[in-house]
Amino acid sequence: MGSPATSPNKKRLVVTLLIVVAAGFAGNAVRNWLEEPLMDQDVTIGPAPAAPVVVAQPAPPPATAPGSANGPVTEAPELESDQHAEEVPAPAGPRESFGHRAGLHKVKSALNLSASAALVIDQETGQVLLRKNGDSVLPIASLTKLMTAVVVTEARLPMDALITITDDDVDVERHSRSRLRVGTTLTRGEALRLALMSSENRAAHALGRTYPGGLAAFVTAMNRKAADLGMKSTTYVDPTGLRTGNQSTAHDLSVLAAAAAKNTLLAGFSTTLEHAQEVAGGRVLQYRNSNRLVKSPNWDILLQKTGYIVEAGWCMVLDTRIGGHKLFVVLLDAGGASSRIGDAERIRRHVAEALGVPLKQEPPAKRHRR
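Using this note's numbering, count along the sequence shown one by one with no gaps and you end on 376.
Following this line, the structure appears as structure tokens:
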């Protein structure tokens with residue numbers, strides 16, 4: 007006699023169990039997607055291309071002469087981290103930053119910074135208040151857009167001229183986010199503002215593409231300007247920073263910050279908190295600054311730029327004022343978005359203590375939960 011056929015009840019039970027298991031997997035996938043942290047506008051969405059390891063060279067011993075651009079690092083006790091921020095872990099394995107591959111993040115610093123490289127300079131005296139791997143060459147991500155802005159403004163191109171986003175401005179290498187659809191028309195000034203305040207990649211690329219002579223001429227102008235400024239360890243290959251060939255050092259970027267800070271237009275655009283961009287069809291795009299420090303009452307920021315791609319880690323340049331002292335702050339390859347903010351806060355407290363100035367410390371604003 008053959009084996010008995012499976013009863014209809016058993017079949018229904020098996021089908022029900024399979025449906026429950028599948029629903030569980032789907033629920034976990036949706037939950038993980040909802041819990042994924044939001045990042046800066048210039049976050050890489052697609053897979054990063056393979057790139058060779060850059061062995062960054064450690065900085066030479068600092069000079070001891072007071073007022074020197076390579077002055078001594080001021081020691082300070084370790085300060086507490088930003089306890090209220092949600093940490094974004096650094097990528098691991100093949101998606102590791104160049105600085106982490108070279109072991110630069112393991113170099114000890116006075117403030118236990120997460121960044122692989124950092125530099126703080128007093129603008130009035132030229133004294134280096136803090137340095138960590140200040141001469142190590144690393145990818146700089148969207149900090150590139152500071153040079154893009156300098157070249158555009160120094161070319162004296164009309165800011166009211168209209169620029170149209172084309173297919174050439176779409177990032178097909180990393181598939182980075184952009185809300186500027188192909189066909190969107192905006193003024194050069196509006197594109198410049200969005201590139202600086204919100205790291206809008208299509209806007210930055212369009213600025214380079216519409217430069218006299220085209221994109222190649224623009225990249226040449228970027229490298230020529232870097233040479234003119236004495237940025238000896240800096241190379242540019244595109245106006246957005248999406249490519250790893252855009253590389254510099256913390257020291258060179260402080261020089262760039264000094265040049266950009268002289269331009270009040272760039273300073274104002276980079277520190278714009280929010281901007282409503284009108285586009286075709288009556289749509290209005292609401293943009294917010296990619297750097298949350300600009301809205302903090304504890305910070306007085308005159309110019310800023312953030313950046314992130316996997317190979318560069320989380321980067322930031324600041325022209326800021328602490329207790330009446332104007333400073334340039336450069337952070338390269340921090341371990342996460344919150345680590346970058348935590349490093350900046352440690353530096354702010356350290357500088358206030360080192361210079362003997364009062365520390366502005368407003369209580370955090372209360373958050374209303376829905």
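Quick reminder that beta carbons are idealized off the backbone N, C-alpha and C, glycines included.
Only a predicted model underlies this, so the values are computations on that prediction, with no experimental measurement involved.
Nearest candidate by alpha-carbon position, reference residue i, set the options
| i | options | result |
| --- | --- | --- |
| S239 | V261, G219, T246, Q129 | V261 |
| S122 | G247, Q292, G214, F104 | F104 |
| L259 | L324, T278, R185 | L324 |
| G189 | T170, D128, G274, G288 | T170 |
| G362 | I307, G287, S182, G330 | G330 |
| T131 | F334, K366, N118 | F334 |
| L338 | V316, T326, R354, R355 | V316 |
| A266 | S115, A147, V157 | V157 |
| N269 | H111, E160, A147 | E160 |
| D175 | T246, R230, S115, Q133 | T246 |
| M165 | G219, L186, R180, E196 | E196 |
Through-space distance from residue j to residue i, alpha-carbon basis
| i | j | result |
| --- | --- | --- |
| K151 | D141 | 20 Å |
| T172 | A212 | 8 Å |
| I347 | L299 | 8 Å |
| I127 | K332 | 9 Å |
| K138 | L144 | 13 Å |
| S182 | A223 | 24 Å |
| R377 | A227 | The first residue shown for the chain is 7 and the last is 376, placing residue 377 beyond what the model contains. |
| Y217 | V225 | 10 Å |
| A358 | L149 | 26 Å |
| G236 | A263 | 13 Å |
| V113 | H106 | 10 Å |
| L135 | A155 | 28 Å |
| S184 | Q292 | 12 Å |
| G214 | P364 | 43 Å |
CB of residue i within 9 Å of CB of residue j, strictly
| i | j | result |
| --- | --- | --- |
| L198 | L309 | no |
| A232 | M153 | yes |
| L221 | A209 | no |
| A286 | L125 | no |
| A108 | A318 | no |
| R355 | L119 | no |
| P350 | Y314 | Position check: residue 350 holds Ala in this sequence, whereas Pro was assumed. No. Outside cutoff. |
| L248 | N207 | yes |
Close-in-space but distant-in-sequence residues of the same chain around residue i (CB under 6 Å, 5 per side omitted)
| i | result |
| --- | --- |
| W39 | Unreliable placement is indicated for W39, whose pLDDT of 38 sits below 50; the coordinate value is still reported in the next sentence. Once the five neighbours on either side are set aside, W39 has no close Cβ partner at all. |
| S115 | K138 |
| V290 | A282, E284 |
| S254 | I146, T240 |
Beta-carbon contacts of residue i that lie in its chain and below 7 Å, excluding the five residues immediately before and after
| i | result |
| --- | --- |
| F275 | L198, R199, L202, M203 |
| Q367 | N304 |
| L163 | R194 |
| P53 | Residue confidence is low: P53 scores 35 on pLDDT, short of 50, so the model does not pin down where it sits. Its coordinate-derived value is still stated next. Counting only Cβ-Cβ distances below 7 Å, and skipping sequence neighbours, we find nothing. |
| V243 | V225, R249, G251, N252 |
Residue-level contact to chain C via CB, residue i, 9 Å cutoff
| i | result |
| --- | --- |
| Q292 | Considering every chain present, this structure includes no chain C. It has just one protein chain. |
Contact set for residue i: own chain, Cβ-Cβ below 8 Å, skip 5 residues either direction
| i | result |
| --- | --- |
| T277 | M203, N295, V300, I307, L308, L309, Q310 |
| V178 | none |
Handout entry: Secondary structure, beta strand (DSSP E): runs of 3+ residues fully inside the segment 171-210
Key = At a cut-off of 3 residues, the continuous stretches assigned as beta strand (DSSP E) that sit fully inside the segment 171-210 are 191-193.
Practice task
Note down, one range per segment and in chain order, each alpha helix (DSSP H) of at least 4 residues found wholly within the segment 102-185.
Solution key: For the segment 102-185, whole alpha helix (DSSP H) runs of length 4 or above, ordered along the chain, are 104-107, 150-160.
Problem - Secondary structure, alpha helix (DSSP H): runs of 4+ residues fully inside the segment 237-291 - result: 256-267, 270-276
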